[in-house]
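Notes to accompany the following structure.
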Amino acid sequence: MGNKVRLCSTDEVVDGEPFAVEIEGLPALAVYDVEGDYFVTDNLCTHGNALLTDGYQEGDEIECPFHGGAFSIKTGEPSAFPCQVAIKTYPAIVENGEVFIETD
Ligand code: FES
1 MGNKVRLCST
11 DEVVDGEPFA
21 VEIEGLPALA
31 VYDVEGDYFV
41 TDNLCTHGNA
51 LLTDGYQEGD
61 EIECPFHGGA
71 FSIKTGEPSA
81 FPCQVAIKTY
91 PAIVENGEVF
101 IETD
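Okay, structure coming up:
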């Protein structure tokens, strides 16, 4: 049975401006609003030491601030070179204006 962890309020996340969340015991996370739906991924690029929340959200894609790589926010799959390894995604749970994920 997982543990539900609160990441942020939905007000803190704006479409096009992913929100960085640091919670002890969890990897750095990024929360996204894509047309009113919320998504959560690891924040660290799989290509290098860059935080995706410093990059550029374009619809359901996040472009890394370094090297022009990109990922699908919804699936975590790399969508632009040089990113080749998917980022981890977490199902976002939205309740009463707050965003949660389940952890192991
Ligand atoms: S560090 Fe993200 S594309 Fe290189």
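So for the sequence shown, our numbering puts the first residue at 1; every next one is plus one. Think of the CB as a built atom: it goes at the ideal place given N, C-alpha and C, for glycine as much as any other residue. For clarity, every value in this text was computed on a predicted model and none was experimentally measured.
Bounds of any beta strand (DSSP E) do not take in K74, whose DSSP letter is neither H nor E.
For C8, DSSP records a beta bridge to V99.
For D33, the closest of E102, T103, D104, V94 by C-alpha to C-alpha distance is V94. With respect to T89, N3 sits apart: the two C-beta atoms are not nearer than 8 Å. Taking 8 Å as the cut-off, the Cβ atoms of D42 and I87 count as close.
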